[in-house]
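Written out below as structure tokens is the structure these notes cover.
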Amino acid sequence: MSKRSSTERRQFMAAMGGLMAGAALPSGSAQAATLPPRTPLTLPASELRGDYDVLVIGSGYGGAVMAARLAPGRRLAVLERGKEWAPTDFTSGLIDTLAQFRSASKPLGLFDYRIGGTVDVLSGNGIGGTSLINANVVIAPDRDIFGRWPQSVQTAYASGAMDVYEERVRAMLAADTVQENDALRKNWFHVSTTKARQRAGAQVSAKALPIAVNLRRYNGQQNAQGVWQNPCTHCGDCVTGCPTGAKNSLDVNYLPLARNAGAQIFSRMEVDWVERLPDSRWRVHYTSRAASGAAVSGSVIAGSVILAAGSLGSTQILLRSRGHGLALSPALGTRFSTNGDLLGVSYNTSVQTNIMGFGSGAAPFGQKRTGPTITTAADYRGGGRPPEQRFMIEDAAIPSALVDAMRVAMPLAAGGAFDFPSTQRIARDALARRSDGALDHSMVYLGIGHDSAAGKIELDANGNARVVWPNLMQEPFVARMRAEMAAHAKTASGRYADSPRTSAIFGGVMTTVHPLGGCPMGDRVEDGVVNADGQVYNPNGASQAVYPGLLVVDGSVAPTSLGANPLLTIAALAERAAERAAARNRI
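According to this note's numbering, the sequence shown is numbered sequentially starting from 285.
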């Protein structure tokens with residue numbers, strides 16, 4: 285095989301692996317009703333003013349919350365590098381989906397997939413950030429995880445003060461859980477194998493997961509922010525963009541709230557770096573792109589700037605800013621964590637699972653429904669385990685865009701010989717999508733646990749963020765999760781296999797959909813880039829001196845892994861940061 289074809293294969297499998305990571309109607313599937321067009325959240329670039337009280341950079345969980353809470357009474361704008369997406373923009377075909385990957389030639393692509401030497405990172409690119417393509421799981425980490433965070437954060441969690449902010453987020457995102465009468469086969473399968481592990485002596489429990497999906501509340505109606513929504517059709521395509529308008533992504537809750545409170549929201553504006561002015565205000569340098577992708581450079585001034593561009597994005601902006609002379613903590617770029625993410629597959633079991641997504645079309649071959657991407661977890665966080673040994677294994681559907689590629693890739697990733705019934709199922713998959721094929725008798729697992737947060741983010745030769753973590757595959761969580769995923773597979777006569785991207789044949793590279801760190805919190809400038817309120821430390825002052833008006837509020841501030849899906853923690857900390865910022869003379 286040529287070097288070029290080998291590289292293309294790795295890139296293809298990297299894209300496929302990244303998509304697979306990011307994973308009440310009557311019985312039977314239903315196609316969503318046609319909704320009235322949504323009122324655009326964004327304004328044309330021509331309406332951007334020369335200066336603002338507050339600029340929020342990014343529209344993910346940190347940025348959307350800060351914008352919604354700080355917009356009243358302030359001249360506030362949100363700058364988002366991606367474009368605004370409508371439900372009808374999301375595709376279910378492989379070729380169309382791959383065309384939506386962000387690159388130098390397609391900077392407005394939905395999927396920002398950073399290919400690395402030991403870890404790939406997937407995040408969203410658009411109004412709403414990664415909420416557009418995640419599985420929207422709304423759960424809290426164990427409270428003792430925060431023992432290595434700044435003291436005031438530890439106190440806020442230990443005292444129960446953070447409970448108020450978490451509940452506020454749950455209400456805004458309208459989190460709900462799949463019920464037993466939804467009769468989802470993949471949910472039943474995962475609960476059943478978890479109970480089998482219990483009977484075998486494993487300290488594990490099955491846990492229904494709250495998800496930010498409109499399962500049954502609105503049926504062709506306007507939600508609390510006036511956005512039209514359909515109920516979930518259980519199509520399994522959450523992680524390639526909800527095609528039916530059922531997902532409670534940030535563009536249907538916090539961002540409309542911000543817009544209604546007076547915030548100006550601009551898409552297709554990528555912030556390059558920030559500069560402190562002599563009067564202590566901030567100049568933000570950005571690249572604005574037309575719908576075609578054509579770029580124009582510009583700048584805007586603000587009294588306060590809130591970086592909320594995600595782990596790679598915010599770190600990249602500050603690393604570039606340091607290159608332009610802004611003094612920052614030596615901790616910048618450190619404490620990167622994958623949140624202990626590990627993808628695995630229980631392949632070709634004896635039980636049909638209905639994990640193949642079908643998008644906006646009708647479910648194939650009489651399939652009852654797939655379900656939201658993630659609905660339940662095997663929870664290994666109890667039993668008196670020390671934090672580093674805790675993890676969860678969540679179920680996951682395969683989005684429709686990846687089904688055909690997975691039918692081909694999984695026999696290669698699984699390897700070895702199979703018995704006759706299993707071989708028959710593989711043969712059926714080789715011909716077409718089949719409910720009696722091997723893929724629809726499989727289960728995709730998303731493991732979430734704890735790593736050492738020893739990764740480092742640095743700039744490459746082009747000034748773009750990349751992750752360096754040579755020994756990631758040797759982290760203890762990898763072997764621990766693999767062993768338990770394999771045990772789950774064995775209970776249903778399946779074969780455990782790494783996800784295609786992680787398997788040796790396709791590169792042996794980890795994939796994370798929950799990047800954390802890079803701008804870690806700390807009690808002093810020597811330990812962190814920001815303090816517990818997200819204020820950026822000024823190393824030219826005392827150990828706790830900060831730059832007035834410069835904050836980071838997103839997943840990059842996490843100094844450790846969380847061992848749980850991070851959106852609730854990021855949003856709750858943003859709720860707290862917004863409240864505390866509003867109480868100061870200057871944000």
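For every residue, glycine included, the Cβ atom is placed at its ideal position computed from N, Cα and C. A quick note: this is a predicted structure, and the numbers were derived from the prediction, not measured.
Tell me which same chain residues have a C-beta within less than 8 Å of the C-beta of G847, skipping the five on either side of it? Locating residue 847 in the sequence shown gives position 563, where the first residue counts as 1. So the qualifying residues of the chain are P425, D426, I429, N623, G624, R665, P671, R674, F675, M676, I732, G733, H734.
Whole-Å CB distance - A749 paired with Q600, under 8 Å assumed: Position 465 of the sequence shown, counted from the first residue, corresponds to residue 749. Position 316 of the sequence shown, counted from the first residue, corresponds to residue 600. Yes, A749 and Q600 are in contact; Cβ-Cβ is about 4 Å, under 8 Å.
Continuous beta strand (DSSP E) stretch holding D404: start and end: Walking along the sequence shown from the start, residue 404 turns up at place 120. D404: member of the beta strand (DSSP E) spanning 403-408, first to last residue.
Spatial neighbours of A862 in its chain, beta-carbon cut-off 7 Å, leaving aside the 5 residues before and after: Indexing the sequence shown from 1 puts residue 862 at position 578. For A862, where only same-chain residues beyond five positions count, the Cβ hits under 7 Å are V349, M350, R353, L354.
Who does W557 pair with in a DSSP beta bridge? If you number the sequence shown from 1, residue 557 lands on position 273. BP columns for W557 point to H569.
Would D679 and H518 be called neighbours here (beta carbons separated by less than 8 Å)? Taking the sequence shown and counting its residues from 1, the one referred to as residue 679 is at position 395. Taking the sequence shown and counting its residues from 1, the one referred to as residue 518 is at position 234. The answer is no: Cβ separation not under 8 Å.
Assuming V421 and I495 make a contact with CB atoms under 8 Å, what is their CB distance in whole Å? Walking along the sequence shown from the start, residue 421 turns up at place 137. Walking along the sequence shown from the start, residue 495 turns up at place 211. Sure, about 6 Å apart at Cβ, within 8 Å.
Sequence ranges, beta strand (DSSP E) only - wholly within the region 712-797, length at least 3: Runs of the beta strand (DSSP E) lying entirely within the region 712-797 and spanning at least 3 residues, in chain order: 727-732, 740-743, 749-752, 779-782, 794-796.
So what does DSSP say about Y441, is it helix, strand or coil? Along the sequence shown, one-based indexing puts residue 441 at 157. In the three-state reduction of the DSSP assignment, Y441 falls in the helix class, which pools H, G and I.
Going straight from the alpha carbon of R432 to that of A575, what length do you get? Counted from its first residue, the sequence shown places residue 432 at position 148. Counted from its first residue, the sequence shown places residue 575 at position 291. Approximately 44 Å between the Cα atoms of the pair.
By a C-beta neighbour count over all protein chains shown, 10 Å radius and 16 as the cutoff for buried, is R868 buried or exposed? Position 584 of the sequence shown, counted from the first residue, corresponds to residue 868. R868 comes out exposed.
My understanding is that R333 touches G587, with C-beta atoms under 8 Å, so please give their C-beta distance in whole angstroms. Reading the sequence shown from its first residue, position 49 is the one you call residue 333. Reading the sequence shown from its first residue, position 303 is the one you call residue 587. About 13 Å; that fails the 8 Å criterion.
Determine, using beta carbons only, whether L612 and R606 come nearer to each other than 8 Å. On the sequence shown, position 328 is the one that residue 612 refers to. On the sequence shown, position 322 is the one that residue 606 refers to. Going by C-beta atoms, L612 is nearer than 8 Å to R606.
Taking DSSP's pairing of strands, which residues face S583 in a bridge? Counting from one through the sequence shown, the residue named residue 583 turns up at place 299. Beta-bridge analysis with DSSP links S583 to H569.
Run through DSSP, which three-state label would S330 get? Mapped onto the sequence shown, residue 330 falls at position 46. S330 falls in the helix class under three-state DSSP.
My output table needs one value for W369: the three-state DSSP class, helix, strand or coil. Numbered from its first residue, the sequence shown carries residue 369 at position 85. Coil at W369, not helix or strand.
Span of the alpha helix (DSSP H) holding K470? Along the sequence shown, one-based indexing puts residue 470 at 186. Bounds of the alpha helix (DSSP H) holding K470 are 469-483.
Output needed for R543: all residues of its chain with C-beta closer than 7 Å, excluding positions within five of it in sequence on either side, in chain order. In the sequence shown, counting from the first residue as 1, residue 543 sits at position 259. Result list for R543: L325, I549, in chain order.
Can you check whether the CB of P850 is closer than 8 Å to the CB of G801? One-based indexing of the sequence shown puts residue 801 at position 517. One-based indexing of the sequence shown puts residue 850 at position 566. No.
For the beta strand (DSSP E) that T660 lies in, which residues bound it at each end? As a working mapping, residue 660 is identified with position 376 in the sequence shown. Its beta strand (DSSP E) spans residues 660-663.
Y502: first and last residue of the uninterrupted alpha helix (DSSP H) it sits in: Taking the first residue of the sequence shown as 1, we reach residue 502 at position 218. Membership of Y502 in any alpha helix (DSSP H) is not indicated, and neither H nor E is assigned to it by DSSP.
With 16 as the cutoff for other CB atoms within 10 Å, does G444 come out buried or exposed? The sequence position of residue 444 within the sequence shown is 160, counting from 1. Exposed.
Quick one: what does DSSP say I341 is sitting in, helix, strand or coil? Residue numbering aside, residue 341 sits at position 57 when the sequence shown is read from its first letter. Secondary structure at I341: strand, using DSSP grouped into helix, strand and coil.
What beta strand (DSSP E) runs, 3 residues minimum, are completely inside the region 602-637? Taken in chain order, the unbroken stretches of beta strand (DSSP E) that lie wholly in the region 602-637 and span 3 residues or more are 626-631.
Have a look at N746, V728, V809 and flag the residue whose alpha-carbon is nearest the alpha-carbon of A773. To locate residue 773, count along the sequence shown from 1; it is residue 489. That would be V728, whose Cα lies nearest to the Cα of A773.
In the structure shown, what three-state DSSP assignment does Q828 receive? In the sequence shown, residue 828 corresponds to position 544, counting from 1. DSSP, reduced to helix, strand and coil, places Q828 outside both helices and strands of the structure shown, so it counts as coil.
Heavy atom of the ligand ATP less than 7 Å from the Cβ of F395, yes or no? With respect to the ligand ATP, the structure shown offers nothing to examine, as it has no ligands at all.
Closest to I423 by C-alpha separation, out of Q435, A459, G410, would be which residue? For the purposes of this step, residue 423 is taken as residue 139 along the sequence shown, with counting starting at 1. Among Q435, A459, G410, the Cα nearest to that of I423 belongs to A459.
So, at 6 Å on beta carbons, what are the nonlocal neighbours of G812 in its own chain, with the 5 sequence-adjacent residues on each side left out? Position 528 of the sequence shown holds residue 812. Excluding five sequence positions before and after G812, the CB atoms of its chain that fall closer than 6 Å to its own CB belong to A615, P804, M805, G806, given in chain order.
Own chain, CB closer than 8 Å to E859, minus 5 neighbours either side, in chain order: As a position in the sequence shown, residue 859 is number 575, starting the count at 1. Excluding positions up to five away in sequence, the list reads V349, R353, Y449, R452, V453.
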